[in-house]
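Residues in the sequence shown are numbered consecutively from 132, following my numbering.
All C-beta atoms, glycine included, are put in the ideal place defined by N, C-alpha and C.
These numbers come from a predicted model, not from an experiment.
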Amino acid sequence: MSEGGQGLEGLTEALAQLLDVIGSPMGSQDDLRQAIQRVDELASRLTPAEPAELRHFLERRSYSKALDFLRANAPQEPVG
């Protein structure tokens, strides 16, 4: 699922944006709908090779848990 930034990094970004909209008093229903659609679109592209735990969180719409999982399991960039 790595189509030009649309892989797990894209899903991580989309989840972060969704949670920002949810937490924002200025977020509109349209913003929320668009953010959810984006997450759903990216989640639908997950392959069976992706972690089952991640798919579980997304299926249950546990967006904060999915984001925490992605951040905890993101590849670390070498320092230096």
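Separation of residue j from residue i, as counted between CA atoms
i    : j    : result
G154 : E208 : 29 Å
Q245 : I167 : In the structure as shown, the chain starts at 132 and stops at 211, and residue 245 therefore has no counterpart that could be examined.
P206 : L139 : 11 Å
P182 : G158 : 31 Å
Expected contact under 8 Å - CB spacing of residue i and residue j to nearest Å
i    : j    : result
A180 : F188 : With 8 Å as the limit, A180 and F188 do not qualify as a contact, their Cβ atoms being about 17 Å apart.
Y194 : L146 : 6 Å
C-beta atoms of residue i and residue j nearer than 8 Å
i    : j    : result
L150 : L173 : no
8 Å CB neighbourhood of residue i in its chain, flanking five on each side removed
i    : result
V170 : L142, A145, L146, L149, L189, Y194
What are the uninterrupted segments assigned as alpha helix (DSSP H) that are 4 or more residues long and contained completely in the stretch 133 to 201, given in chain order? 139 to 154, 160 to 174, 183 to 190
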